[in-house]
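In numbering that gives the first Met the number 0, the protein residues as written are 0 to 308.
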Amino acid sequence: MSTGSYLPEKILTNKTLESMVDTTDEWIFSRTGIRERHIADSDEFTSDLATAAAKKAIENAGIDIAKIDLIVVATTTPDKIFPSVATIVQRKLGISSNCPAFDVQAVCSGFVYALSTADNFIKAGASKCALVIGADKISSITDYTDRGNCILWGDGAGAVILQQSDEVGIISTHLHANGNYEEMLHVPRAGHGHDTIAMEGNAVFKMAVNTLDQIVDETLEANGLQKTDIDWLVPHQANIRILQATAKKLNMSMDKVVTTVEYHGNTSAASIPLALDVAVQDGRIKRGEIILMEAFGGGFTWGSALIKY
Ligand code: UT7
C-alpha cells in the first residue's frame, strides 16, 4: 500500500470563524480539538482534490499509471450528481478505459467502505492494482450560519494504491449500517435552495463513541488479537474527544493515535487516508506495522479496516 494526500491552500482559522458565527476559538478548540481547516476555492472541485492526492500516491508507489485497473472514490460531495468523481479522476489522470471507476457514498465512513470494496475486488481476482481515494469538499454543503457544525468541517483528499500481493496487506474489514438514524445527520434536499448539513451533534457524538467501542472489539475478536497488537490507530478525525475515547478503549496512549483533526478539521471521507499519509510521510508508520482504521458517519454507517502496512 502506498499513500498520497492533498489539502487546498486556503486555511480557515477559528479566529476567522469568530467573525462569521457566534463562537470562540476557545470553545471550538476545547470541544473539538480543531484550530484550523483547509477550504477549497469555488472553482476547485472534489475531483481536483482527489486527482492531486492520487498523483502523489501513484508517485509514491512508483508504478506505471497503466497498471491501475480499478478506481474507487469515497465522497459525499461529487462535482456533479453524475458522472461519478471516479470517472472524472480517470479522465484527469489519463487512465485507460479498461478500468472500472465508481464512487462509494458512506459519508464519513466512506474511505473504509471504499477500501473494503477494492480489497474484495482484489481478493476475488477482479483487480490487481486499485486506486482508492477519499475526497470531500464538505465546505460546499456547509451552512456557515450554523455554529453547531460549521466549525467542524474541512476539505481535502487522501489516496492509496492497493496492489495484489502474497504478503498480507488488508487483514480484515468490517462494515455496518443502520438507516434508522437517517435524520440525525443528513443533507436534506432543499428544492431550489442550497443543500446543507443538518446534524444533531451531541446525539451523533454519543452514538459514535459507543459504536466505535463495539467495532474495535469486533475487529480484534475476528482476528484473535489483543489490544496491544495494534501499533497505530488511524481513526476518522471527527472530534478529538471521540478519538480520545477510542484510544482509551484500546488502552492506547494518544502517541499511538494519528491525529490531524487540529489542522485538518473533519474532512469526512478524506480524513483517514489524509492521516495515514501524514504519518507515513513523517516516518511514524513503518512497513510491517499493524494499523487499525475506524470511522462512523451519516446513515448511520460505520466500519473498520485492520491492515499490515
Ligand atoms: O464525522 C461524522 C460524525 N460527526 C461527528 O462525529 C460529530 C459529533 N459531534 C460533535 O463533534 C459535537 O457534538 C459538536 C462539536 C458538534 C458539538 O459539541 P457538544 O459538546 O456536543 O455541544 P452541544 O451541541 O451539546 O452544545 C453545547 C452548548 C450549547 O449551548 P447551551 O444550550 O448549553 O447554552 C450550544 O448552543 O454549546 C453551544 N454551541 C456553541 N457555542 C459556541 C454549539 N456550537 C457552538 C459554537 N460555539 N460553535
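All residues carry an ideal CB built from backbone N, CA and C; glycine is no exception.
Asked, Found
"Whole-angstrom distance between residue 149 and residue 107, CA atom to CA atom", "15 Å"
"Span separating the alpha-carbon of residue 146 from that of residue 170", "40 Å"
"Residue 44 - DSSP class collapsed to helix/strand/coil", "coil"
"Cβ-heavy atom distance, residue 94 to ligand 1, below 8 Å", "no"
"Beta-carbon proximity check, residue 159 vs residue 73, cutoff 9 Å", "no"
"3 or more residues per run - each beta strand (DSSP E) lying fully within the region 59-126", "69-73 and 100-103"
"Distance cut-off 8 Å: residue 21 Cβ against heavy atoms of ligand 1", "yes"
"Helix, strand or coil at residue 6 according to DSSP, with G and I counted as helix", "coil"
"Range of the contiguous alpha helix (DSSP H) that encloses residue 162", "That residue, residue 162, is in no alpha helix (DSSP H); its beta strand (DSSP E) goes 154-162."
"Rounded separation between residue 254 and residue 192 - CA only", "44 Å"
"7 Å Cβ shell around residue 262 - same chain, five flanking residues per side excluded", "34 and 35"
"Rounded separation between residue 215 and residue 224 - CA only", "11 Å"
"Buried versus exposed call for residue 87 [16 or more other C-beta atoms within 10 Å across all chains shown]", "buried"
"Cutoff 7 Å; reference residue 239; Cβ partners in own chain excluding five residues on either side", "31, 32, 258 and 260"
"CB contact flag (residue 100, residue 83, <9 Å)", "yes"
"Beta-carbon gap between residue 302 and residue 175 smaller than 9 Å", "yes"
"Residue 198, DSSP secondary structure in three states", "strand"
"For residue 129 and residue 48, believed in contact at Cβ under 8 Å, the rounded distance", "Not a contact, Cβ separation roughly 19 Å."
"Cβ-based neighbour list, residue 5, same chain, cut-off 6 Å, excluding 5 preceding and 5 following", "48, 51, 52 and 156"
"Status (buried if at least 16 other CB within 10 Å, exposed otherwise) for residue 220", "exposed"
"Burial state of residue 213 (16 or more Cβ within 10 Å)", "exposed"
"Environment of residue 187 [buried if 16+ CB atoms lie within 10 Å]", "exposed"
"Within 9 Å, strictly: CB atoms of residue 305 and residue 172", "yes"
"From 168, 137 and 64, residue whose alpha carbon lies closest to that of residue 310", "Here the chain has residues from 0 to 308 only, and residue 310 is not among them."
"Alpha carbon of residue 14 to alpha carbon of residue 78, nearest angstrom", "29 Å"
"Alpha-carbon spacing of residue 62 relative to residue 202, whole angstroms", "44 Å"
"Ligand 2 heavy atom lying under 8 Å from the CB of residue 267", "Ligands present in the displayed structure are limited to ligand 1, and ligand 2 is not among them."
"Span of the beta strand (DSSP E) around residue 171", "169-176"
"Cβ pair residue 140, residue 196 closer than 9 Å", "yes"
"Rounded straight-line distance, which links the Cα of residue 189 to that of residue 283", "44 Å"
"Presumed contact (8 Å Cβ cut-off) between residue 154 and residue 7, rounded CB distance", "5 Å"
"Supposed close pair residue 19, residue 143 - CB separation, criterion 8 Å", "6 Å"
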